[in-house]
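Accompanying notes for the structure given below.
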Amino acid sequence: MTQTVPGRHRAAAIARKVAGHVVRGLVMIWAVATVSFVIIREIPGNPVLGQYESLIQKGMSPEQAERATAVLYGFLPTGSLWQQYVGYLGSLLHFDLGRSLSTPGVEVTTLIGHAARWTVLPVLAGTLLSFLLGVTMGVYAAIKRSGRLGDALALSGSLLHGVPIYVIGLLLTAIFATLWPIMPSGGPVDVEFVPGLNPGYLGSLVHHAVLPVVTYTLASYGGWILAMKSNVVAVLGDDFILAAELRGLRRGIVFRYLARNAILPLFTILALSIGMLFGGSIFIEQIFNYPGLGLLLVNSISSRDYALMGGTFLVITVGIVVANIVADLLYTVIDPRVRSGGAA
Amino acid sequence: MTVIVNPAGPPAAASPETTRATLRRNFWRGVWRVLRRKPSRMAGVVIVALFALMGVAGPLLYPAQLPRDDNALYAPPSLAHPFGTDFEGTDVLALVITGARYVLLTGLATAVITVALGTVIGLIAGFHRGRWDTVLMRLTDMNLAIPGLPLLLVLSTVWKFESPLEMGLVLGVLGWGGIARAVRSQTLSLRERGFIEAARGLGLPTRHIVGRELLPSMAPYIAMNMLIAVTGAVYAQVGLFFLGVLPFESNNWGVMLNLAVFNGGALTTPAALPYLMAPLIAILLLTLGIVLIVDAMDEIFNPRLREE
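Chain order of the listed sequences is A and B.
Here this note's numbering is used: the first residue of the first sequence is 393, the next is one more, and so on.
Here this note's numbering is used: the first residue of the second sequence is 27, the next is one more, and so on.
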């Protein structure tokens with residue numbers, strides 16, 4: 393089917409699909425930016441206007457106060473709602489999210505940039521590990537589905553899929569940091585090491601990352617194992633597997649047929665999984681005192697740093713939306729069935 | 027339902043009323059059979075029933091103001107206090123039991139709203155197709171893509187979620203996307219089937235087709251999603267209290283987690299550990315019970331999954 397479609401035609405179809413995704417993503421981001429603008433403005437006491445008025449009381453001229461507040465929040469406190477909104481969107485286009493109030497003068501984007509790596513790396517590590525674990529166990533659960541082992545595996549998947557991520561994290565910490573203290577209970581790294589590429593520092597980093605990464609892994613493992621199991625069960629019933637077995641192909645080759653066809657649909661889980669882990673990072677970073685985006689968001693709320701709050705919320709959401717689009721696109725590129733469907 | 031295979035079969039000339047009654051009886055017999063075959067499923071039903079009882083009767087078992095004991099702060103587990111006591115000497119088990127109502131009420135409210143919104147939107151989109159479908163599905167995509175938890179955190183600055191019902195309302199409004207998608211695709215596939223076409227050919231009103239023909243065939247699926255929505259609601263609201271972004275109006279599991287971790291230091295010293303473990307075990311058990319029931323329902327309504 394795909395062979396009959398000329399290459400250029402296919403490229404155009406993919407390009408159209410990419411464009412569609414990008415446009416939809418931009419609309420999403422715009423919607424989230426609007427939500428975040430409305431919320432910051434609707435916070436009781438309107439912090440933006442409050443800041444402006446307190447600056448005027450301190451003796452600033454209205455123009456000065458307006459400029460200072462605009463620097464803090466990324467938009468002007470005065471003027472019509474529409475002008476404020478346009479100003480806000482304008483500063484977003486310049487990646488200007490305002491300045492933090494709790495760490496005075498530091499740009500929100502700088503803080504977010506520092507925090508992002510503490511979120512993104514563990515989340516990616518957790519996604520990768522849970523994928524490997526879930527897919528392997530999913531195949532087992534499918535092949536042994538009438539036995540006790542298969543039952544137990546599938547149940548472990550459903551249970552871990554339903555249990556909140558913070559329950560997993562708290563249980564692991566209670567066991568491995570409080571009862572049997574072989575793991576550090578919090579923080580990203582031991583303070584005694586000099587940051588840099590030395591073995592002590594790196595070892596401490598890894599040691600501190602073990603529990604958070606294991607928590608992420610367990611939290612998204614359930615989705616992978618359940619999806620993989622049902623895909624393998626579906627593919628097992630297909631004629632081409634029967635044909636391959638009848639032709640006497642080696643089990644390894646049959647398994648490769650099976651795996652290739654069962655793994656492809658999992659790319660839809662990738663998007664879900666990344667979104668879930670990003671959301672869950674808020675809890676994990678709080679539990680393990682990990683200075684990532686989630687901790688930044690919670691701290692900004694408790695310190696009433698609304699500019700930082702809006703910016704972090706926006707960046708987390710955009711991260712999830714972009715991850716979803718990338719997962720969708722990967723799926724399109726990898727799965728020939730979707731690809732030819734788009735070209736038709 | 028297609029599940030019921032009654033070897034005797036209802037008498038061919040039975041009136042519609044008796045057929046319906048027989049079907050229903052056979053259905054419940056089938057449910058019972060599936061439940062009995064694996065004790066784990068019975069366990070699921072028992073666990074969820076226990077939690078329901080806890081939510082209804084829990085606060086009645088104890089005085090409104092739980093007794094405090096200043097001589098036994100963070101007491102270790104004992105016969106009198108199976109999970110020890112908290113920072114002011116209150117029995118932890120009593121806290122878990124009385125705290126269940128808030129958690130379960132939110133779960134129930136969320137589940138009802140999620141399912142109602144999701145079903146209605148999915149049905150309209152799938153049944154009418156065309157422009158309605160496009161608009162509603164764009165909304166659904168949006169609902170699915172906006173991550174609920176960060177939004178809830180930010181919303182907590184403007185909204186205090188004072189009652190469990192209010193919390194359930196917000197969680198429900200944020201979470202209907204998945205069900206709407208699934209109901210739509212089910213509707214799209216069902217509306218092409220013979221029995222729906224026949225109903226339309228007979229000139230039956232839309233109300234009848236949707237209410238009597240479409241919904242019953244989707245009911246099991248919707249019921250399963252309702253249960254899953256409860257776990258989602260527990261996740262979100264206990265989490266919000268755990269993070270400490272909501273004011274502690276009343277006792278519930280999330281408040282316990284927060285106090286155990288951030289005041290009791292349960293993650294560094296073992297003293298407050300039982301105080302932390304009690305709500306954790308409650309959440310684990312509740313999830314386990316729901317998962318076991320959903321698992322059993324899956325098998326009741328999906329005969330293909332059964333493998334004798």
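Every residue gets a Cβ at the ideal spot worked out from N, C-alpha and C, and that includes glycine.
Where residue i falls: helix, strand or coil (DSSP)
i, result
"E499/A", "strand"
"P36/B", "For P36/B, the predicted model reports a pLDDT of 44, less than 50, meaning its position is unreliable; a value from the coordinates is still stated below. It is coil, neither helix nor strand."
"R219/B", "coil"
"T111/B", "strand"
"G733/A", "Since pLDDT at G733/A reaches only 46, below the 50 mark, its modelled position is unreliable, and the value read off the structure follows with that caveat. Residue state, collapsed to three classes: helix."
"D117/B", "strand"
"G174/B", "helix"
"K186/B", "coil"
"I73/B", "helix"
"G229/B", "coil"
"S585/A", "Before going further, note that residue 585/A is Phe rather than Ser in the sequence given. It is coil, neither helix nor strand."
"Y261/B", "helix"
"L134/B", "helix"
"M16/B", "Given a span of 27 to 334 for chain B in the structure shown, any question on residue 16/B remains unanswerable."
Cβ of residue i within 7 Å of any chain A Cβ
i, result
"G265/B", "yes"
"T140/B", "no"
"E333/B", "Confidence at E333/B is low in this model, with a pLDDT of 46, below 50, so the placement of that residue is unreliable and no value is reported for it."
"M193/B", "no"
"L293/B", "yes"
"A34/B", "Residue placement at A34/B is flagged as unreliable, the pLDDT there being 45, under the threshold of 50; the coordinate-derived value follows with that caveat. No, A34/B lies away from the interface with chain A (no Cβ there is under 7 Å from its Cβ)."
"Y247/B", "no"
"L350/B", "Nothing about residue 350/B can be read from this structure; chain B reaches only from 27 to 334."
"T257/B", "yes"
"A171/B", "yes"
"G92/B", "Residue identity check: residue 92/B is Leu in the sequence provided, not Gly. So, not an interface residue."
"Y301/B", "no"
Cutoff 7 Å: residue i Cβ touching any chain B Cβ
i, result
"E677/A", "no"
"P556/A", "yes"
"S494/A", "no"
"I435/A", "yes"
"G733/A", "In this prediction, G733/A scores a pLDDT of 46, lower than 50, which makes its location untrustworthy; the coordinate-derived value is nonetheless stated afterwards. False, the Cβ-Cβ gap to chain B never drops below 7 Å."
"L551/A", "yes"
"M705/A", "Note that residue 705/A is Phe in the sequence shown here, rather than Met. Chain B, which has a Cβ nearer than 7 Å to the Cβ of F705/A, makes this yes."
"V690/A", "yes"
"G667/A", "yes"
"A566/A", "yes"
"G671/A", "yes"
"M620/A", "no"
Cβ-based burial, residue i [other Cβ within 10 Å; buried from 16]
i, result
"I645/A", "exposed"
"V256/B", "buried"
"P604/A", "buried"
"A626/A", "exposed"
"A39/B", "Because the pLDDT at A39/B is just 47, under 50, the model does not fix this residue reliably, and the point stays unresolved."
"F221/B", "exposed"
"H553/A", "buried"
"H107/B", "buried"
"T232/B", "exposed"
"N590/A", "exposed"
"E325/B", "buried"
"W510/A", "buried"
"E223/B", "exposed"
"F670/A", "buried"
"Q678/A", "buried"
Same chain, Cβ closer than 8 Å to residue i, neighbours up to 5 away in sequence not counted
i, result
"V236/B", "L149, F153"
"A546/A", "A533, R537, I617, L618, K621"
"A34/B", "With a pLDDT of only 45 at A34/B, under 50, the local geometry of the prediction cannot be trusted, and the value read off the model is given with reservation. For A34/B, where only same-chain residues beyond five positions count, there are no Cβ hits under 8 Å."
"A292/B", "A286, A298, L299, Y301, L302"
Residues that DSSP places opposite residue i in a beta bridge
i, result
"R491/A", "E499/A"
"D697/A", "Paired residues: none, contrary to the question."
Close Cβ partners of residue i (< 6 Å) along its chain, the five nearest in sequence each way excluded
i, result
"Q212/B", "M244"
"I147/B", "L162, A206"
"R51/B", "none"
"G115/B", "R94, D95, D96, A98, L99"
Close beta carbons around residue i, own chain, < 7 Å, minus the five adjacent residues each side
i, result
"P305/B", "V122, W279, M282, L283"
"A508/A", "L685"
"L359/B", "In the structure as shown, chain B begins at 27 and stops at 334. Residue 359/B is therefore absent and cannot be evaluated."
"L721/A", "V410, H413"
"M193/B", "T132, F187, Q263"
"I560/A", "T607, L610, A611"
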